[in-house]
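Asker:
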Amino acid sequence: MEIEPTGSWGYGEGPLIIAGPCSAESEEQVLTIAKALRATGRVNIFRAGLWKPRSRPSSFGGEGFRALSWLRRVKEETGLPVAVEVASPLHVEACLKDGIDVVWLGARTVSNPFSVDEIVAVLAGTDIPVLVKNPLSPDVELWIGAIERVYSAGIRKIAAVHRGFTPYEKNRYRNIPKWELAIELRSRIPSLPVLCDPSHMSGKAALVPETSQKAIDMNMAGLMVEVHHDPRHALSDRDQQLDPGAFTGMMDKLVFRSKTSSDTGFLNRLEELRNRIDSIDQQIIELVAARMRISIEMGEFKCLNDVAVFQLERWIEILETRTQNGISEGLDEEFTGRLIRMIHEESIRCQDKVMEDLRRDMRCPPDARQGE
Ligand code: PEP
Ligand code: MN
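Quick note: to get our numbering, add 122 to the position in the sequence shown (first position is 1).
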């Protein structure tokens, strides 16, 4: 896929900053917010939801088609291009007719390939920029699938938006970020700009600046931020919307780092550090492979001696000692636990396989079970 970088969409160079209220509530509301955002000089595109995908039918569902003319006024009076979420072919038709500049597919829509197909059928033949939020669940194929569908309609101005994934249990975030998934997406489609929506990710205004900085540090191509002139009285997502003052404060503090530097001193040092990392990675792989070989040998040994039962005490001891080692080396406790679990699982898988092979050769009792 060859996707056009956001810099050539006509909305400005540098990180793409999209801001505006969760929902368009009245003509006066969108104009007030858009003028305040325009005055900050930091916003490339104004956002507002007209059709709100609310979880419960009793929540505010947006002002719908009649709000399109409010956004026309926003454009006329502020010069800001406007972006709207579309969830059906009718929404797309209305947006195209009313001169909406950018559309986005929300997380719920992206989760349903049938909906994406229906929307894409109406987008075909246009060159309107389309933003594709991540689906509700951390399924990178579903996310890529929606992007491919949009691409297949001939759209070349596409950006993904990482807005986090729905947690089942209470979490610090409303929608948990999975930065590694956004990185995977970027490595699978290198020309694709990936933005971040720190508002739906955070779920609370106080967490938005930190999340935005994290996104910038991860070299994301821009931000989509919810801003309301009076968040406490917003009709949707009131906890996570920034007021224009907080938005400006955040933008002033964000540190945008350049992708790279042409300074020779910097490049030499970077090269040296990368070489060291390459060599350590190579050693990690070799050590893990050596550990696996021992584990397989142990599987054979136990199997042949009929002593192979999963040894819970040994596993608990491994987990405890390695986690303590990790902590004393300055590693994160949770990360160390995950790493050891992963290695142990692979160990079990290898031992399982060796047992199967031995059983097939009838060199091992049929009910032996391995463990470390
Ligand atoms: C939104 O941006 O207003 C929205 C509903 O987002 P999401 O689809 O990410 O939940
Ligand atoms: Mn919202």
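The beta-carbon is built from N, C-alpha and C at its ideal position, and this holds for glycine as well. Being a predicted model, the structure only gives us computed values, none of them experimental.
Please classify L345: is it buried, with 16 or more other beta-carbons within 10 angstroms of its beta-carbon, or exposed?
Answerer: The residue labelled residue 345 in the question sits at position 223 within the sequence shown. Buried, because 16 or more other Cβ atoms sit within 10 Å of the Cβ of L345.
Asker: Should the segment 285-295 be regarded as contacting the segment 320-339, the criterion being three or more beta carbon pairs within less than 8 Å?
Answerer: As far as the Cβ criterion goes, the segment 285-295 touches the segment 320-339, which means the pair count is three or higher.
Asker: Quick one: grab the DSSP three-state call for V272.
Answerer: In the sequence shown, residue 272 corresponds to position 150, counting from 1. Three-state DSSP puts V272 in a helix.
Asker: For the ligand MN, is there a heavy atom less than 7 Å away from the beta-carbon of S180?
Answerer: To locate residue 180, count along the sequence shown from 1; it is residue 58. No, the Cβ of S180 stays beyond 7 Å of every heavy atom of the ligand MN.
Asker: Kindly provide the ranges of any beta strand (DSSP E) runs that are 3 or more residues long and lie completely inside the segment 181-255, ordered along the chain.
Answerer: If we require 3 residues or more, the beta strand (DSSP E) runs fully inside the segment 181-255 come out as 204-207, 224-227, 252-255.
Asker: Rounded to whole angstroms, what's the CA-CA distance from P496 to K219? Just pull it up for me.
Answerer: Because the chain here runs from 123 to 494, residue 496 falls outside it and cannot be looked at.
Asker: Quick one: what's S145 bridged to in DSSP?
Answerer: Your numbering for residue 145 matches position 23 in the sequence shown. In the DSSP output, where bridge partners are listed per residue, S145 has G171.
Asker: Can you tell me the Cα-Cα spacing of G132 and E150, whole angstroms?
Answerer: As a first step, residue 132 is located in the sequence shown; it is residue number 10 there, counting from the start. As a first step, residue 150 is located in the sequence shown; it is residue number 28 there, counting from the start. Looking at the two C-alpha atoms, the distance is approximately 27 Å.
Asker: A411 to N427, Cα distance in whole Å?
Answerer: Walking along the sequence shown from the start, residue 411 turns up at place 289. Walking along the sequence shown from the start, residue 427 turns up at place 305. Going by the C-alpha atoms only, they are around 24 Å apart.
Asker: Nearest to C472 by alpha carbon, out of S130, V165, F457, E419?
Answerer: Within the sequence shown, the letter at position 350 stands for residue 472. For C472, the nearest C-alpha among the options comes from E419.
Asker: If you scan the segment 316-386 from start to end, which runs of the beta strand (DSSP E) of 3 or more residues do you find wholly inside it?
Answerer: Within the segment 316-386, the complete beta strand (DSSP E) runs of at least 3 residues are 316-318, 344-348.
Asker: Give the DSSP-derived three-state secondary structure of V283 in the structure shown.
Answerer: Numbered from its first residue, the sequence shown carries residue 283 at position 161. It is a strand residue.
Asker: What are the partner residues of I139, as DSSP defines its beta bridges?
Answerer: Start at 1 with the first residue of the sequence shown, and residue 139 comes out as number 17. DSSP lists L345 as partners of I139.
Asker: Taking 7 Å as the cut-off, is the CB of H322 close to at least one heavy atom of the ligand MN?
Answerer: On the sequence shown, position 200 is the one that residue 322 refers to. Within the cutoff, so yes.
Asker: Report whether the distance from the Cβ of E478 to the nearest heavy atom of the ligand MN is below 7 Å.
Answerer: Taking the first residue of the sequence shown as 1, we reach residue 478 at position 356. No, since every heavy atom of the ligand MN falls outside the 7 Å radius drawn around the Cβ of E478.
Asker: Count the other C-beta atoms from every protein chain shown that fall within 10 angstroms of the C-beta of E207, then say buried if there are 16 or more, exposed otherwise.
Answerer: By one-based count along the sequence shown, residue 207 stands at place 85. It counts as buried.
Asker: If you draw a straight line from the alpha carbon of I125 to that of E147, how long is it in whole angstroms?
Answerer: In the sequence shown, residue 125 corresponds to position 3, counting from 1. In the sequence shown, residue 147 corresponds to position 25, counting from 1. Each residue's Cα considered, the two are about 34 Å apart.
Asker: Closer than 7 Å: is that where the CB of D359 sits relative to any heavy atom of the ligand MN?
Answerer: Counting from 1 along the sequence shown, the entry for residue 359 is found at position 237. D359 Cβ: within cutoff of the ligand MN.
Asker: I want to check one thing, is the minimum distance from the CB of C144 to the heavy atoms of the ligand MN below 7 Å?
Answerer: Against the sequence shown, residue 144 aligns to sequence position 22. Within the cutoff, so yes.
Asker: At a cut of 8 Å, does the segment 298-315 reach the segment 270-282 through at least three beta carbon pairs?
Answerer: These segments touch.
Asker: I need the straight-line Cα distance from R379 to E332, nearest angstrom please.
Answerer: As a first step, residue 379 is located in the sequence shown; it is residue number 257 there, counting from the start. As a first step, residue 332 is located in the sequence shown; it is residue number 210 there, counting from the start. Cα to Cα, the separation comes out at about 15 Å.
Asker: On a Cα-Cα basis, can you pick out the residue from G186, T154, L202, D239 that is closest to H213?
Answerer: Along the sequence shown, read from residue 1 onward, the residue named residue 213 stands at position 91. Of the candidates G186, T154, L202, D239, the one whose C-alpha sits nearest the C-alpha of H213 is G186.
Asker: Would you give the residue range spanned by the alpha helix (DSSP H) that M464 belongs to?
Answerer: Here the question's residue 464 lines up with position 342 in the sequence shown. Taken as a continuous stretch (DSSP letters only), the alpha helix (DSSP H) holding M464 covers 455-482.
Asker: Identify the continuous alpha helix (DSSP H) that holds N427 and give its terminal residues.
Answerer: For the purposes of this step, residue 427 is identified with residue 305 of the sequence shown, where counting begins at 1. N427 -> no alpha helix (DSSP H), and no H or E assigned at all.
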